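Colleague:
Protein chains in written order, with this note's numbering: chain A, 1 to 442; chain B, 1001 to 1300.
(1) Anything in the region 1188-1207 of chain B with a Cβ closer than 7 Å to a Cβ of chain A? List those residues in chain order, please.
(2) Compare the C-beta of residue 326 of chain A with all C-beta atoms of chain B and state if any pair is closer than 9 Å.
(3) Between the region 282-291 of chain A and the region 358-369 of chain A, are three or more C-beta pairs nearer than 8 Å?
(4) Find out if the Cβ-Cβ distance for the pair residue 37 of chain A, residue 319 of chain A is shorter than 9 Å.
(5) Just confirm the distance between the C-beta atoms of residue 1028 of chain B and residue 1206 of chain B, as a whole number of angstroms; I'd bet it's less than 8 Å.
(6) By DSSP, does residue 1104 of chain B sit in helix, in strand, or in coil?
(7) Does residue 1034 of chain B pass the burial test, meaning 16 or more other C-beta atoms within 10 Å, or should it be called exposed?
(8) Can you find a C-beta in chain A that's less than 9 Å from the C-beta of residue 1089 of chain B?
(9) For residue 327 of chain A, which residues in the same chain have their Cβ closer than 6 Å to its Cβ, ignoring the five residues on either side in sequence?
(10) Give the DSSP bridge partners of residue 179 of chain A, in chain order.
(11) So, helix, strand or coil for residue 35 of chain A, using DSSP?
(12) Suppose contacts are defined by Cβ-Cβ distances below 9 Å. Is residue 1030 of chain B in contact with residue 1062 of chain B by that definition?
(13) Would you mind stating whether residue 186 of chain A and residue 212 of chain A have Cβ atoms separated by less than 9 Å?
(14) Return yes when the Cβ of residue 1193 of chain B is within less than 9 Å of the Cβ of residue 1301 of chain B, no when it is not.
(15) For residue 1110 of chain B, which residues in chain A fall below 8 Å Cβ to Cβ?
(16) DSSP three-state call for residue 397 of chain A: helix, strand or coil?
(17) If you draw a straight line from the alpha carbon of residue 1260 of chain B to that of residue 1201 of chain B, how long is it in whole angstroms?
(18) Can you give the Cα-Cα distance for residue 1294 of chain B and residue 380 of chain A, rounded to whole angstroms?
(19) Please list the partners that residue 1068 of chain B has in chain A, where partner means a Cβ-to-Cβ separation under 9 Å.
(20) So is residue 408 of chain A in contact with chain B if we call contact Cβ pairs under 9 Å?
(21) Just to confirm my understanding: we take residue 1281 of chain B, look at its own chain, exclude 5 residues before and 5 after, and list those with CB closer than 7 Å. What are they?
(22) Whole angstroms are fine: how far does the CA of residue 1158 of chain B sit from the CA of residue 1147 of chain B?
(23) List the residues of chain B that residue 414 of chain A touches, going by C-beta distances under 7 Å, in chain order.
(24) With the cut-off set at 9 Å, would you say residue 45 of chain A and residue 7 of chain A are in Cβ contact?
(25) Return the residues of the region 1262-1287 of chain B that lie within a Cβ-Cβ distance of less than 9 Å from chain A, sorted by chain order.
(26) Does residue 430 of chain A pass the burial test, meaning 16 or more other C-beta atoms within 10 Å, or should it be called exposed?
(27) Does any residue of chain A have a CB that is nearer than 9 Å to the CB of residue 1291 of chain B?
(28) Does the distance from the CB of residue 276 of chain A to the CB of residue 322 of chain A come in under 9 Å?
(29) Mind checking which residues open and close the alpha helix (DSSP H) that includes residue 339 of chain A?
(30) As a quick exercise: from A:418, A:377, A:49, A:191, pick the residue whose alpha carbon is nearest that of residue 1133 of chain B.
(31) Ignoring anything shorter than 4 residues, give me the alpha helix (DSSP H) runs that lie fully in the region 408-433 of chain A, in order along the chain.
(32) Note the first and the last residue of the continuous alpha helix (DSSP H) segment covering residue 1206 of chain B.
(33) Taking residue 1140 of chain B as the query, report the chain A residues whose CB atoms sit under 8 Å from its CB, ordered along the chain.
(34) Using DSSP bridges, identify the partner residues of residue 1083 of chain B.
(35) Under 8 Å Cβ-Cβ, which residues of chain B neighbour residue 45 of chain A?
(36) Any C-beta of chain B sitting closer than 9 Å to the C-beta of residue 310 of chain A?
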């Protein structure tokens, strides 16, 4: 029996959705593996978007990756819970004209602290003396300012190649030293520079200021070096910190910043949820009053739709923002559209005098084309919006797009299985009334 | 199904709907040109500071305090019962701090700074996004209706969709420019998002009606029935009328809940979508479908 088959499917679907609903509640307890991820506008916090200047870097994606790692380390040192550091590529896909670094710090509503965490952007570089520097110095009058570029040329070795710096002590004299450790790429470069420039000074420059300019004594391989100088332990410590900070591979400039207090976030979250609950309730009442028994089914399908969407939001995970909640609430309304289309078609078939069961099957078959084509238009919009995306728009696009896909799925599985399984074989006036809708008489 | 003369009112009185829409569009375009867009810092760059007071001072008090900082043009707008939103040019860290200080250090709800280049970049990105959505949708509609070319060729369905779409974007924009001028509502990134959502909905709605026209044309062909094109369109509109109204009503219900109970951050957004849904539903019934008939009459 066809309708028995749909009955089994319905029971199976009910079980699945009850399980998912249970999963949703269970996973909302503290310490859950799949909590909802909320955007900063709902929990409060700070978002900083930096523009990275990659004009002088040969390997852009590598540099951006290491930039991300450096910033992540810094953020972690300060103990921000669940920070999010991500890079956004330039190009057609993202629509950006430059490389970006996005830092989200939930719970940090002090923007100055946040900027401090990221740090200003000291740039460490090594430079070699130009061959004719002494002549150059003798030709200019004393007191004339000399720029770095007049005296030094870049040794191509920058903070990008530094893996870390630390305070060390000379074992013989007890003098304070600053130890440097290069990455393997940096080690090779450093060996090459020292090999080719023995006897010349190598300037260590931080943010355009010469920190020290030790004379190269011999080729240094192995990727380790020490800066000697008359450091006090305190100075050395600051220098080491600066060097570790200065190991930023590319300079970054703050483009936009956004801070949201936690009370505002709370308000947005709670009112967003309230709006969703009230909307759903009124919608269900409307559906049941107008479409009667199928309306009840549509309400059930809607609940399944919400459970499925929320599960997907948890698992991906989708970051829920105020705009994202709005997109989801809008998609609830659109999810009903598929059901409305089916019911209206069924009504027409009923009017033609078909049996309830035939009318339902016919209604589904005929409504499908318009459901498909009209939803494709919505999906196109969602994809383009996602591409446009700052985080607010992305949240909206993602929840809307996923919502449309999930609603198509629940319409052809849940609504269909439930309706077909309750379609009566013997018709009575009462049953006919239950399956009709609106003000029309049959 | 019995199909009476009164069922044809959508198609028969099409000139009335066209004139009504033309007036609304003209008013909107007029508003856009006269008042201009009230752009938010998303597009202009600048700093937005929202502060919360236990006991809120008057707006003039806040304004006179801010003006002592000589930050150039600024605006102060109350928000909710305790908050003020202050918009200024892009502030440095020091300026941002002294702004809070001079206001007697209220609670800072949010402080957003957007550099001028980031703003103008976003503007061009928004324009690009809208263009891409429109192009993609027209291509899709032309593709979806490719098998229907008699008596009106498929690209004309696309054209009618664009006209309805432009209609649905221009009128809400006009209304918001109007609201912007008199109530300080701003054109921000969420506005563009909302506009694009309306755009998607408008097409979604139009396609449902056109799909019915497509189906009826096919049925007529299969049954070898000759029917005037305007009758077919009128019949299709009538058949989808209930669905159009009910679907908009369901979306309207959820949006109204969002507007009434939702966060203040999404209030304007919900209002924009409500206006868009109403206009979008109207246009797919009263503009897009009658336009098909007009296109048909024009080619005769």
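Even for Gly, the Cβ is constructed at its ideal location relative to N, Cα and C. Being a predicted model, the structure only gives us computed values, none of them experimental.
Modeller: Looking at the coordinates:
(1) For chain A, the residues of the region 1188-1207 of chain B that bring a beta carbon within less than 7 Å of one of its beta carbons are 1189, 1190, 1193, 1196, 1197, 1199, 1200, 1203, 1204, 1207, in chain order.
(2) Closer than 9 Å to some Cβ of chain B, the Cβ of residue 326 of chain A qualifies, so yes.
(3) no
(4) yes
(5) At roughly 19 Å, the Cβ-Cβ gap does not stay under 8 Å, so residue 1028 of chain B and residue 1206 of chain B are not in contact.
(6) coil
(7) exposed
(8) no
(9) 396, 399, 400
(10) A:166, A:226
(11) Correct three-state label for residue 35 of chain A: coil.
(12) Result no, Cβ atoms of residue 1030 of chain B and residue 1062 of chain B do not sit closer than 9 Å.
(13) no
(14) Outside the shown range of chain B (1001 to 1300) lies residue 1301 of chain B, about which nothing can therefore be said.
(15) 258, 259, 260, 261, 264
(16) helix
(17) 22 Å
(18) 29 Å
(19) Correct list: empty, because the minimum Cβ distance to chain A is about 22 Å.
(20) no
(21) Same-chain partners within the cutoff: 1205, 1244, 1248.
(22) 13 Å
(23) What residue 414 of chain A touches in chain B: nothing, since even the nearest Cβ is about 17 Å away.
(24) no
(25) Within the region 1262-1287 of chain B, the residues whose Cβ lies closer than 9 Å to some Cβ of chain A are 1262, 1263, 1264, 1265, 1266, 1269, 1270, 1273, 1277, listed in chain order.
(26) exposed
(27) Proximity of residue 1291 of chain B to chain A, defined by a Cβ-Cβ separation below 9 Å, is not satisfied.
(28) No. Outside cutoff.
(29) 322-351
(30) A:377
(31) 416-422
(32) 1189-1222
(33) 376, 377, 380
(34) B:1052, B:1079
(35) By Cβ distance, chain B contributes nothing, its closest Cβ being about 10 Å from residue 45 of chain A, past 8 Å.
(36) no
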